[in-house]
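Numbering (the UniProt record's numbering), first residue to last: 36 to 461.
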Ligand code: LLP
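Take a look at the structure:
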């Protein structure tokens, strides 16, 4: 978070509260959300795309309080399941500001979205077009749709989170002609309103040239549709995926930089193709919420393994942050409850789960006097940590505590063992 500092006694402080006070009041592990930071990231994106739409990708982290912040700050919201849609609507996000994604939306989910009046549905398969056509006919409405286009860009990120190369499950292939066919099919359906094309090339991307290539390719399709049908689609969504700094080695672009590059390429391509510039939207998730949160753990054991490295075990682990195990992600850690002048040692921060891959931070230099009872903060855990948390080993999921102006409030409560047991039948 932006507002993190150290108090005179060396304790980490955020939004006017110390890590120690937060741990005492809310326990550990806990996700600590700096609400001021979250809001300023929303504002940075709004300011960078002033007459355009910024859809916060709720998959990064969603709960009612965050939906309210997003709505208040003037953002739109991208949801990708019935569950996310439910939370969005329950928190009062106006339906017309919601976009509905997903490669396998059920008839029930599509029906709920149509009945709620969501602003756009991003269609991802011919089966979905059929389903949506049926629902729209039956309900007598005309949903607005975008076509998710697979542009064939190899984004330089982990294989599991790259989404625009040809050989994966999302979207309609541009090269194979499916994207054009999908657009034509929708234009032929009087009950669906084709608003535009959509592309999302992956996540945690630093090299903006991938977005430029994808914009160029999607706009070429836009021109092809105009030439074939005489229709200029009014909207264009270039997706999310903007990288954030997890370690000091990462150097992310600012929303302003991104906006400049995206708008420049869209403007110049449209000029070259004699297209009117469509209304642009983007869908950042990680870049909005990722840096606004740190996870606060307590150290339980410290083990020196034959001079190789020191294993520092905390009271959470892969159940509250699966990203290190799943994507080989890099995080950092710092002692939050005090300062130390002890010399640094090479440490690995691990969890309490029953497998050796249960690593939170692969390599970090921690002071040699790190010891049980120390609080450890792992920054940058706002995106895809709580939202991908599990109950592995029947570990209840941590709460999310929002801090602002010296006040803290729980926005997602800690799960209890009773919560887990309550699902057991028999
Ligand atoms: N739009 C669409 C259509 C998406 O599929 C995604 C992410 C986003 C926007 C937001 O991407 P962001 O700005 O947050 O990078 N669990 C993985 C990330 C999966 C991203 C899935 N889609 C991780 O922890 O890295």
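For every residue, glycine included, the Cβ atom is placed at its ideal position computed from N, Cα and C. Just so it is clear, the structure is predicted and the values come from calculations on it, not from any experiment.
Segment contact, 8 Å Cβ cut-off, at least three pairs: the stretch 385-400 with the stretch 333-353 = These segments touch.
Compute the minimum distance between the beta carbon of residue 92 and the heavy atoms of the ligand HEM, and state whether it is under 6 Å.
-> The model on display carries the ligand LLP but not the ligand HEM.
Residue 387, enclosing beta strand (DSSP E) - first and last residue = Indexing the chain shown from 1 puts residue 387 at position 352. Per DSSP, residue 387 belongs to no beta strand (DSSP E) and is neither H nor E.
Take residue 448 and list the residues in its own chain whose beta-carbon comes closer than 6 Å to its own, dropping the five residues that flank it on each side.
-> Here residue 448 refers to the residue found at position 413 of the chain shown. The answer, listed in chain order, is 434.
Run through the stretch 121-187 for me and flag every whole beta strand (DSSP E) of 3 or more residues, listed as ranges in chain order.
-> With a minimum length of 3 residues, the unbroken runs of beta strand (DSSP E) contained wholly in the stretch 121-187 fall at 133-135, 155-158, 179-185.
With 16 other Cβ atoms within 10 Å as the buried cut-off, status of residue 363 = Within the chain shown, the letter at position 328 stands for residue 363. By the neighbour-count criterion, in which a residue is buried when 16 or more other Cβ atoms sit within 10 angstroms of its Cβ, residue 363 is exposed.
Can you name the residues that DSSP bridges to residue 451?
-> One-based indexing of the chain shown puts residue 451 at position 416. Answer is none; residue 451 lacks a bridge partner.
Measure from the C-beta of residue 135 to each C-beta in chain B and report whether the shortest distance is under 7 Å.
-> Included in the structure is just one protein chain, with no chain B present.
Hey, would you say the C-beta of residue 318 is under 6 Å away from at least one heavy atom of the ligand LLP?
-> In the chain shown, the residue the question calls residue 318 occupies position 283. Correct: residue 318 has its Cβ closer than 6 Å to the ligand LLP.
Would residue 239 be called buried (16 or more neighbouring beta carbons within 10 Å of its own) or exposed?
-> In the chain shown, the residue the question calls residue 239 occupies position 204. So residue 239 counts as buried.
Is the distance from the Cβ of residue 73 to the Cβ of residue 104 below 7 Å?
-> In the chain shown, the residue the question calls residue 73 occupies position 38. In the chain shown, the residue the question calls residue 104 occupies position 69. Yes; because the gap between Cβ atoms is below 7 Å, this pair is in contact.
Alpha carbon to alpha carbon, how far is residue 274 from residue 331? Give it in angstroms, no decimals.
-> Numbered from 1 along the chain shown, position 296 holds the residue referred to as residue 331. Numbered from 1 along the chain shown, position 239 holds the residue referred to as residue 274. Cα atoms of residue 331 and residue 274: separation of roughly 31 Å, rounded to the nearest angstrom.
Looking only at DSSP bridge pairs, what is residue 220 linked to?
-> For the purposes of this step, residue 220 is taken as the residue at position 185 of the chain shown. Beta-bridge partners assigned by DSSP to residue 220: none are found.
For residue 280, three-class secondary structure by DSSP = Sequence index remark: in the chain shown, residue 280 carries index 245 (1-based). DSSP places residue 280 in the coil class of the three-state scheme, outside both helix and strand.
One or two residues paired with residue 431 in a DSSP bridge = Locating residue 431 in the chain shown gives position 396, where the first residue counts as 1. Here residue 431 is not bridged, per DSSP, to any residue.
CB of residue 205 within 7 Å of CB of residue 214, strictly = Here residue 205 refers to the residue found at position 170 of the chain shown. Here residue 214 refers to the residue found at position 179 of the chain shown. No, these two residues do not count as a Cβ contact at 7 Å.
Residue range of the beta strand (DSSP E) that includes residue 231 | Taking the chain shown and counting its residues from 1, one reaches residue 231 at position 196. From DSSP, the beta strand (DSSP E) with residue 231 extends over 228-233.
Could you say which of 234, 106, 265, 457 lies nearest to residue 137 if we only look at CA atoms?
-> Taking the first residue of the chain shown as 1, we reach residue 137 at position 102. Of 234, 106, 265, 457, the smallest CA-CA separation from residue 137 is found for 234.
Taking 6 Å as the cut-off, is the CB of residue 95 close to at least one heavy atom of the ligand LLP?
-> On the chain shown, residue 95 is found 60 positions in, with the first residue counted as 1. Answer for residue 95: yes, Cβ within range of the ligand LLP.
Nearest-angstrom Cβ-Cβ length linking residue 392 and residue 360, presumed shorter than 8 Å | Position 357 of the chain shown, counting from 1, holds the residue named residue 392. Position 325 of the chain shown, counting from 1, holds the residue named residue 360. Yes, they are in contact, since the Cβ atoms of residue 392 and residue 360 sit about 5 Å apart, within 8 Å.
For residue 292, name the three-state secondary structure that DSSP assigns.
-> Along the chain shown, read from residue 1 onward, the residue named residue 292 stands at position 257. It is helical.
If you follow the alpha helix (DSSP H) that residue 462 is part of, which residue opens it and which one closes it?
-> The structure shown does not extend to residue 462, since the chain spans only 36 to 461, so no value can be given for it.
Per DSSP, the bridge partner or partners of residue 394 | As a first step, residue 394 is located in the chain shown; it is residue number 359 there, counting from the start. Answer is 385.
Cβ neighbour criterion (16 or more within 10 Å) applied to residue 42 | Residue mapping note: residue 42 aligns to position 7 of the chain shown, counting from 1. Burial call: exposed.
Residue 366 versus residue 445 - alpha carbon distance | For the purposes of this step, residue 366 is taken as the residue at position 331 of the chain shown. For the purposes of this step, residue 445 is taken as the residue at position 410 of the chain shown. In a straight line, the C-alpha of residue 366 is about 24 Å away from that of residue 445.
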